[in-house]
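In what follows, a single structure is set out as structure tokens and then discussed.
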Amino acid sequence: MLNNEFLQGSLNVSNLADLIAIKPSDQILMEVVFEPASVTQRSWVLYINFIFLIISNKDQTLSHLTTSFRHNIRLALDDAKIFLEPNEVNVQALTMLSCLGEDYTSPSLSWMLASHACRQAQALNLHLTEQHYSTEQQRRLTLFWVLFMVDKACSLAFGHPILLPSKLYENVPLPDFQHLLKFRPRHGQFNNAHSQPYSSTFGAHFLTQNIKLARLTGLILHIPINGAQYGGREGLISYLDDWDVSTRQILSEARELEADNASEEQLRGMSLAIRLMRFKYLHILVLTLPEDVQYTTLRLESSREALSLLPHLSSKHHVYRGIFWTLLYYPFTSFFVVFNHITCNPEAPTTSEDLDLLNTTLSYFQSMKAKLHTQSVVPSELEKMVESFIQLARSAVSKDTSSCT
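Numbered according to the working numbering, the sequence shown spans residues 171 to 575.
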């Protein structure tokens with residue numbers, strides 16, 4: 171049975187989602203809980219039950235309710251109206267579930283949910299704004315850019331084509347920085363974002379730089395179309411390098427400014443976010459570098475650095491989830507670059523260190539499987555695949571050693 175404390179917790183989560191989401195009224199919340207069949211806009215049933223699922227996963231005393239919430243989500247998704255009738259509540263529900271619904275979704279389902287959200291956002295012209303921004307317009311614009319980031323992340327993780335091209339939306343403004351100040355991930359998901367007496371800017375900078383990276387990623391993914399305008403592949407790599415330098419400076423300065431008012435846990439969270447941005451940069455750089463001899467060393471060194479960052483992308487109590495599947499699929503790009511180098515050059519003096527990096531990847535998957543508390547079998551399957559390729563790499567090194575003796 172849901173008590174008042176639980177319902178209040180769901181409202182607190184929804185308040186933090188005010189950055190991108192329409193907040194359900196008290197009446198809608200009560201109807202979803204006690205009379206779900208009477209709710210005409212079925213995406214509210216999906217959205218609110220997903221919020222409930224997040225809370226129950228965080229609170230062990232509510233874990234017995236997670237099965238019911240998953241069942242409610244499944245029933246809500248059976249309603250075709252959520253996919254066929256464009257509206258903002260549909261977009262926000264589908265977007266959040268595709269990003270954070272690892273307890274329910276698979277990679278293919280995440281992509282399907284995100285693609286439907288993209289198409290509905292296009293039908294609603296979610297990106298269009300008037301000259302004088304209102305809070306409501308800022309919320310719509312931020313929802314569009316968050317979905318834009320999801321689209322690019324899904325493309326990188328799953329290899330699907332992008333649905334919101336950067337070129338098409340190059341003149342769409344970024345959300346106002348004042349509006350983005352509502353995004354304060356380092357305060358904890360269930361804390362009051364206004365409980366601090368000082369104004370935190372780290373979250374706003376973090377989100378802004380992620381949007382900029384998504385725009386750049388869209389151009390990179392369409393290099394045959396956009397390349398000439400931006401100086402070709404080398405020109406886009408230069409833009410990517412500039413983004414990396416700027417992002418590290420902006421986030422490091424924001425962290426330093428807030429150091430006196432932040433707890434140790436908050437400082438660790440900000441440092442983790444900075445490392446995560448570096449990891450994203452390295453991942454995209456490795457994908458972007460042309461397969462040319464002159465870039466071989468840079469690709470290999472970038473891959474090594476990316477794998478070395480894996481143990482530092484989460485802490486004991488903190489995981490910057492973002493889009494869940496990117497945490498599991500992104501590492502493979504760098505993993506296979508290093509794996510290929512080992513198998514092609516088993517006698518190289520760096521082989522021992524490179525094998526250690528492959529083992530670091532395995533340890534990463536083992537730790538993330540425990541930290542994410544997901545019901546999906548995908549992390550375990552990916553872990554087994556990593557282990558198999560490590561055995562192949564060791565076998566290649568052993569054969570080379572035997573042939574030399």
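Heads up, the beta-carbon is just placed ideally off N, CA and C, and yes, glycines get one too.
As the structure is a computational prediction, the values presented were derived from the model and not from experiment.
So, is residue i buried or exposed, given that buried needs 16 or more other C-beta atoms within 10 angstroms?
| i | result |
| --- | --- |
| Pro549 | buried |
| Glu112 | The first residue shown for the chain is 171 and the last is 575, placing residue 112 beyond what the model contains. |
| Val547 | exposed |
| Ala207 | exposed |
| Ser213 | buried |
| Glu201 | buried |
| Asn576 | Since the first residue of the chain shown is 171 and the last is 575, residue 576 is not available in this structure. |
| Pro345 | buried |
| Ser195 | exposed |
| His511 | buried |
| His241 | exposed |
| Lys450 | buried |
| Leu254 | exposed |
| Gly401 | exposed |
| Gln262 | buried |
| Val316 | buried |
| Val507 | buried |
| Asn380 | buried |
| Lys352 | buried |
| Leu377 | buried |
| Leu383 | buried |
| Asp430 | exposed |
| Ile496 | Looking at the sequence shown, residue 496 is not Ile but Thr. Thr496 should be labelled buried. |
Secondary structure at residue i, three-state DSSP: helix, strand or coil?
| i | result |
| --- | --- |
| Ser336 | coil |
| Ser433 | coil |
| Ser325 | helix |
| Glu557 | helix |
| Ser484 | strand |
| Asn576 | Only positions 171 to 575 of the chain appear in the structure, and residue 576 is not among them; the question remains open. |
| His375 | helix |
| Ser472 | helix |
| Lys581 | As displayed, the chain neither begins before 171 nor continues past 575, which places residue 581 out of reach and without an answer. |
| Gln211 | coil |
| Glu205 | coil |
| Phe360 | Residue placement at Phe360 is flagged as unreliable, the pLDDT there being 34, under the threshold of 50; the coordinate-derived value follows with that caveat. DSSP places Phe360 in coil when its eight states are reduced to three. |
| Asp229 | coil |
| Lys541 | helix |
| Pro394 | helix |
| Ser522 | helix |
| Ile221 | helix |
| Leu527 | helix |
| Tyr499 | helix |
Just how far apart, CA to CA, sit residue i and residue j?
| i | j | result |
| --- | --- | --- |
| Ala293 | Pro256 | 7 Å |
| Ile221 | Leu455 | 35 Å |
| Asp526 | Leu446 | 21 Å |
| Lys554 | Ala327 | 19 Å |
| Gln436 | Ile225 | 21 Å |
| Asn515 | Asp411 | 29 Å |
| Leu442 | Ala291 | 31 Å |
| Lys569 | Glu557 | 18 Å |
| Arg385 | Glu205 | 42 Å |
| Ser522 | Leu528 | 10 Å |
| Ser233 | Ala566 | 46 Å |
| Asn362 | Ala187 | The predicted model places Asn362 with a pLDDT of 40, which falls under 50 and marks its position as unreliable, so this point remains unresolved. |
| Glu340 | Asp524 | 40 Å |
| Ile576 | Glu258 | For the chain, the structure presents residues 171 to 575; residue 576 sits outside this window and is missing. |
| Ile192 | Leu296 | 13 Å |
| Thr371 | Leu334 | 28 Å |
| Lys228 | Leu270 | 13 Å |
| Ala424 | Ile444 | 11 Å |
| Ile560 | Leu457 | 22 Å |
| Leu137 | Pro331 | The structure shown does not extend to residue 137, since the chain is modelled only from 171 to 575, so the question has no answer here. |
| Ser484 | Ile390 | 28 Å |
| Leu235 | Glu434 | 33 Å |
Is there at least one Cβ from chain C nearer than 9 Å to residue i's Cβ?
| i | result |
| --- | --- |
| Ile407 | Considering every chain present, this structure includes no chain C. It has just one protein chain. |
Evaluate the contact criterion for the stretch 216 to 230 versus the stretch 241 to 250: three or more CB pairs, one atom per stretch, below 8 Å.
-> yes
Counting Cβ pairs, one atom from each stretch, are 3 or more of them under 8 Å apart for the stretch 317 to 332 and the stretch 281 to 289?
-> yes
Inter-stretch contact (C-beta, 8 Å, three-pair minimum) for the stretch 522 to 536 and the stretch 492 to 506 = yes
For the stretch 244 to 311, list the beta strand (DSSP E) runs that are entirely contained and at least 3 residues long, ordered along the chain.
-> none
Sufficient close CB pairs (3 or more, under 8 Å) joining the stretch 457 to 472 to the stretch 416 to 430 = no
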